[in-house]
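K.L.:
Positions -5 to 795 (our numbering) are the ones given, in order, by the sequence shown. From the three backbone atoms N, C-alpha and C, an ideal C-beta is built for every residue, glycine too.
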Amino acid sequence: MILRALALLLATAAPVSAQVSAPTLLPVEVDREAGRVLVTLPPPGADGVSARFLYTASLRTGLGTPETGLDHAQQGDTYVLAFRRMGKKVVAEYENPRFRATNGSPAEQRAARESLAASTAWVGDVAKTLPGGAVQVDLAGFLTRDVLGIAGALRQGGAGEYRLDTGASVVDAAATRVFPDNIELEARQTYVGDKPARFLTDVAPDARSLALTVHHSLIRLPAPGYTPIRFDPRWGGIFGAPVVDYAAPLGQDVVYTLAARFRLEKVDPAAARSAVKKPVTFHIDAAAPEPIRTALAEGVGWWRQAFEKAGYVDAFRVAILPADADPLDARYNVVNWVNRATRGWSYGQTVIDPRTGEIVRGSVLLGSLRVRQDMLIFEGLVGADKVGTGGPNDPVQAALARIRQLGAHEVGHAIGLEHNFAASTQDRASVMDYPAPRIVLKDGVPDLSDAYGVGVGAWDVAAIDRLYGQPAPGTTQAQADAAKAAALAASGLRFVADGDARPPSSGQPWASLWDDGADPVAELSRMMAVRRAAIDRFGPAALRPGEAVENLRRKFVPIWLLHRYQVEAAAKPIGGRGFVYPVAGGGQEAAATPVPADAQRAAIDALLATLTPAALTVPARLVPLLSAGRSGGNDRQFDIEVMQTAGGPVFDPLVAADVAATVTLSALLDPDRLQRLALQQAADPAMPGAQDVIARLAAATVDRASDPLTQRIATRTLLMLAQLSRDPQVASGVAAVADEAVVAAAARLAKGRDPWARSTARLLGDDDRLTATLAELPKRTPRVPPGMPIGGAESDWMAGL
């Protein structure tokens, strides 16, 4: 039986030049019994192309394991897809609009096209030639290929070696949907492997055979009339469309990037404030349960204010996705609610026209378990008895506040904004930061009433105005950008991009992830006081009635490591230098300035304070509670997120101390940081150097080792110094300082009477034995429990917030 889709309202496909006016994108015939999807391509134009579309693929059904990134609604790249007839074949080709000759002669444009490769996506047989030169082609083979690189994602995610089983991969012809501006298609694909990773057995009935449904969208090319603008480093932004323009005049950039943004056209172009012809509407996935769904809608709706201030009236809207709408339909901007076996990252995705940078569709992916992690952490901080009370310390209310912020953050990416990790040092100036919950002490008790901010920040408003704001009449985009950048600099608002904030080794003192406070060093000291209060209060009150006591081990980890990211933030001023992203003539060309010496020494003091016995001792009363037996548990997250025990369920307080100390030691002994210290002291002897940090660290740990806890921390310090001294990637001067510290410590310890001191001295003095010990160190070092959503490049805990 052949079912003709709505596209058959057209007897013949309209020519490419007239596609904008066609009531449907292409004629499509669906043959369910044969599993065929026949599309009619119009006669080719002068360039040999029958049709061009934007094309992207996504996952209808996910794998549910964050390690692989194969999630429901996960989206692939966007291409300009061209169909060409070549003899009895139809070639589907990804064009290469990055390389171009804008405003160049026909010969220049031809040279740009022919000098760089296109990509063949698929080749199929012509099924039928129609009068006038149109052809029918069956897209089944196009739809069942591994377009998303699923086999590679499985391999890179540690799932094992899989291959696409073409015999068990078929088109889902019944899923075909055709609309005026897009065609939606699907195929069920099967990937087989003989040795699946263990974590796959937690999510698949038979991990040797994985079935995933891949969704394909063919989208009409946007109509003319969109005005591209350049990416500006002073503001950042997601990279929309990279360009290599061979026709650029001499003296102008050949390589540049077009900013990504939606098309917003004012009803009255001359008005400073005007309604728009087509508002940007984001739909909240109805799969998100209440009250989460409402919280998401509220948070996403915060962007309305930023667009209003940029001069666009009612230009940004939020709605619940209609029950009969498909969240993967390219006509909708959607905030998708996604389930996984463990916590995972959330994403703000876009379908971008690679020719112009215009955002055609926004698609956000939110993991459902992140809010559950919020609840776990907040219950550990204030007690499970507060759940559902509705008060300021209700973990539910704090978790919903975080969901509002998360919704705004990810939609921020989908409308064109990059992270701004400097916002936390400027009182929540942007929702595009990763916010730590602002926990304060009231009468010595942790309080959540101001855990997260409300609304977009001042930087968000300014960034939307730069990205979307219309230059005043008689003003060019470059002039408008310069004026707005000058105003931004005068306001003191800062922007720090991912690459300079995310690495723990960064020396940018203004930006970190999951930090808070204008002064990261002072905030670390404050956070240590909050942590101590939370630890002192931690216990059975963190459990809900009837909850297994074993869960205290999991809830204790984020309390014990509450200071973790503030440690990273406080370390960045050490050898640090603040900098911006200036352009010539902007007045900030030489704005990179070193952190003052006294501020660096204060940071060293604060970090060393986190290594004291007072900071690293688990209260004895907690050890029995944290050693409760576990029976019948099958939650994989529990196994991942607890600290190594002393065998069975028995809690090991020395492991806890080692884990927390490793956080600080890794920050202080980062090779890049130590090299910057050496360089700054060579330039200015008044500045602290690598030798100062290492000497003070040894004095604070090795010289004070007197009991099992301090000896364990001293051992960890010495082994990390020895490792540093032997690392060929470490600057020779820094390695020499580390080696000197190890040799000096061994000499002092050899004179001691304590067995630990003499044993450690012998180890450090035996080169072969020390080499063997360092080789085994990764295996013998307690694993720091993951925190940021599982499955990313990072594995830390607070991105679960």
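(1) Using the three-state DSSP reduction, which class does Asn330 fall into: helix, strand or coil?
(2) Would you mind listing the alpha helix (DSSP H) stretches within the region 688 to 742 that are 4+ residues and don't spill past its ends, in chain order?
(3) Taking Cβ positions, are Gln717 and Leu768 nearer each other than 8 angstroms?
(4) Considering only the beta carbon of each residue, do Phe77 and Ala121 sit closer than 8 angstroms?
(5) Taking the CB atoms as reference points, tell me whether Asp510 and Ser418 lie closer together than 8 angstroms.
(6) Should Gln723 go down as buried or exposed, given a rule of 16 or more other Cβ atoms within 10 Å for buried?
(7) Which ranges would you report for the alpha helix (DSSP H) in the region 522 to 604 if only whole runs of at least 4 residues count?
(8) Can you name the start and end residues of the beta strand (DSSP E) that Asp633 belongs to?
(9) Can you give me the Cβ contacts of Arg670 inside the same chain, cut-off strictly under 6 angstroms, excluding the 5 residues immediately before and after it?
(10) Go through its chain and collect everything with a Cβ distance to Trp297's Cβ below 6 angstroms, but skip five positions before and after it.
(11) Between Glu412 and Gly230, which are expected to be in contact by the criterion C-beta below 8 angstroms, what is the C-beta distance as a whole number of angstroms?
(12) Taking buried to mean at least 16 other C-beta atoms within 10 Å of its own C-beta, is Val778 buried or exposed?
(13) May I ask you to report which of helix, strand or coil DSSP gives Met80?
(14) Quick one: is Pro780 buried, meaning 16 or more other Cβ sit within 10 Å of its Cβ, or exposed?
(15) Could you check what DSSP says for Ser753 in three-state terms: helix, strand or coil?
(16) In whole angstroms, what is the alpha-carbon distance linking Ser15 and Val208?
(17) Short check: CB of Leu703 to CB of Leu648, under 8 angstroms?
(18) What three-state label does DSSP hand Arg763 in the structure shown?
(19) What does the Cβ neighbour count give for Gly410, buried or exposed, with the cut at 16 atoms within 10 Å?
(20) Please report how far the alpha carbon of Leu537 lies from the alpha carbon of Thr336, in whole angstroms.
(21) Okay, do the region 245 to 261 and the region 435 to 443 touch, 3+ Cβ pairs below 8 angstroms being the bar?
(22) Report, in whole angstroms, the separation of the C-beta atoms of Trp508 and Tyr446, which I expect to be a contact under 8 angstroms.
(23) Does Gly626 pass the burial test, meaning 16 or more other C-beta atoms within 10 Å, or should it be called exposed?
(24) Tell me the DSSP secondary structure of Thr775 in three-state form.
(25) Please list the terminal residues of the continuous alpha helix (DSSP H) segment that includes Gly342.
(26) At the level of alpha carbons, what is the spacing between Val617 and Val543?
(27) Could you tell me how far apart the beta carbons of Ala300 and Asp454 are, in whole angstroms, since I believe they sit closer than 8 angstroms?
(28) If you measure between the beta carbons of Arg624 and Pro607, is that distance less than 8 angstroms?
(29) Go ahead and label Gly384 buried or exposed: buried means 16 or more other beta carbons lie within 10 angstroms of its beta carbon, across all protein chains shown.
(30) Quick one: any contact between the region 145 to 163 and the region 178 to 191, if contact means 3 or more CB pairs under 8 angstroms?
(31) How do the region 555 to 565 and the region 460 to 478 stand: do at least 3 beta-carbon pairs fall below 8 angstroms, yes or no?
(32) For the candidate residues Gln471, Gln367, Tyr575 and Asp379, whose alpha-carbon lies nearest to that of Gln631?
(33) Taking Glu404 as the reference, which of Ile433, Leu360 and Gly382 has the closest Cα?
(34) Which ranges would you report for the beta strand (DSSP E) in the region 202 to 243 if only whole runs of at least 3 residues count?
(35) Please state the DSSP three-state secondary structure of Leu394.
(36) Are the Cβ atoms of Val365 and Ala402 separated by less than 8 angstroms?
P.N.:
Put simply:
(1) The residue given as residue 330 occupies position 336 in the sequence shown. Here Asn330 sits in strand by DSSP.
(2) 702 to 720
(3) Here residue 717 is taken as the residue at index 723 of the sequence shown, counted from 1. Here residue 768 is taken as the residue at index 774 of the sequence shown, counted from 1. Going by C-beta atoms, Gln717 is nearer than 8 angstroms to Leu768.
(4) If you number the sequence shown from 1, residue 77 lands on position 83. If you number the sequence shown from 1, residue 121 lands on position 127. It is not a contact, given that the beta carbons lie outside the stated cut-off.
(5) Start at 1 with the first residue of the sequence shown, and residue 510 comes out as number 516. Start at 1 with the first residue of the sequence shown, and residue 418 comes out as number 424. Yes, the pair counts as a contact, with Cβ atoms nearer than the cut-off.
(6) Looking up residue 723 in the sequence shown gives position 729. Classification for Gln723: exposed.
(7) 545 to 554, 558 to 565 and 591 to 603
(8) Working through the sequence shown from its first residue, we reach residue 633 at position 639. It is not in any beta strand (DSSP E) - Asp633 instead sits in the alpha helix (DSSP H) that spans Arg630 to Glu635.
(9) Working through the sequence shown from its first residue, we reach residue 670 at position 676. Taken in chain order, the residues that qualify are Gly501 and Gly569.
(10) Locating residue 297 in the sequence shown gives position 303, where the first residue counts as 1. Excluding sequence neighbours, Trp297 sits near Phe310.
(11) Translated into positions along the sequence shown, residue 412 becomes position 418. Translated into positions along the sequence shown, residue 230 becomes position 236. The pair is a contact, with the Cβ atoms about 4 angstroms apart (cut-off 8 angstroms).
(12) Residue 778 sits at position 784 when you count from the first residue of the sequence shown. Buried: at least 16 other Cβ atoms inside 10 Å.
(13) Counting from one through the sequence shown, the residue named residue 80 turns up at place 86. The answer is strand: DSSP assigns Met80 an E or B state.
(14) Taking the first residue of the sequence shown as position 1, residue 780 is located at position 786. Classification for Pro780: buried.
(15) Indexing the sequence shown from 1 puts residue 753 at position 759. Helix.
(16) By one-based count along the sequence shown, residue 15 stands at place 21. By one-based count along the sequence shown, residue 208 stands at place 214. For Ser15, the predicted structure reports a pLDDT of 34, less than 50, and the residue's modelled location is therefore unreliable. The matter cannot be settled from this model.
(17) Here residue 703 corresponds to residue number 709 of the sequence shown, with the count starting at 1. Here residue 648 corresponds to residue number 654 of the sequence shown, with the count starting at 1. Yes, the pair counts as a contact, with Cβ atoms nearer than the cut-off.
(18) Here residue 763 refers to the residue found at position 769 when the sequence shown is read from its first residue. Here Arg763 sits in helix by DSSP.
(19) As a first step, residue 410 must be located in the sequence shown, where it is residue number 416. The residue is buried, with at least 16 neighbouring Cβ atoms inside 10 Å.
(20) In the sequence shown, the residue the question calls residue 537 occupies position 543. In the sequence shown, the residue the question calls residue 336 occupies position 342. Each residue's alpha carbon lies about 21 angstroms from the other.
(21) no
(22) Within the sequence shown, numbered from 1, the residue matching residue 508 stands at position 514. Within the sequence shown, numbered from 1, the residue matching residue 446 stands at position 452. Not really, about 12 angstroms apart at Cβ, beyond 8 angstroms.
(23) Working through the sequence shown from its first residue, we reach residue 626 at position 632. It is exposed - the Cβ of Gly626 has fewer than 16 other Cβ atoms within 10 Å.
(24) Counting from 1 along the sequence shown, the entry for residue 775 is found at position 781. Thr775: coil per DSSP, three-state reduction.
(25) Position 348 of the sequence shown, counted from the first residue, corresponds to residue 342. Here Gly342 belongs to no alpha helix (DSSP H); instead the beta strand (DSSP E) covers Tyr341 to Ile346.
(26) As a working note, residue 617 is residue 623 in the sequence shown. As a working note, residue 543 is residue 549 in the sequence shown. Roughly 12 angstroms between the two C-alpha positions.
(27) Within the sequence shown, the letter at position 306 stands for residue 300. Within the sequence shown, the letter at position 460 stands for residue 454. About 6 angstroms; that satisfies the 8 angstroms criterion.
(28) Here the question's residue 624 lines up with position 630 in the sequence shown. Here the question's residue 607 lines up with position 613 in the sequence shown. Contact: no.
(29) Counting from one through the sequence shown, the residue named residue 384 turns up at place 390. When all chains shown are included, Gly384 counts as exposed.
(30) yes
(31) no
(32) Counted from its first residue, the sequence shown places residue 631 at position 637. It is Gln367.
(33) Here the question's residue 404 lines up with position 410 in the sequence shown. Nearest C-alpha to Glu404: Leu360.
(34) 203 to 214 and 233 to 239
(35) Counting from one through the sequence shown, the residue named residue 394 turns up at place 400. Looking at Leu394 - three-state DSSP - the assignment turns out to be helix.
(36) Reading the sequence shown from its first residue, position 371 is the one you call residue 365. Reading the sequence shown from its first residue, position 408 is the one you call residue 402. Their beta carbons are not under 8 angstroms apart, which means Val365 does not touch Ala402 by this criterion.
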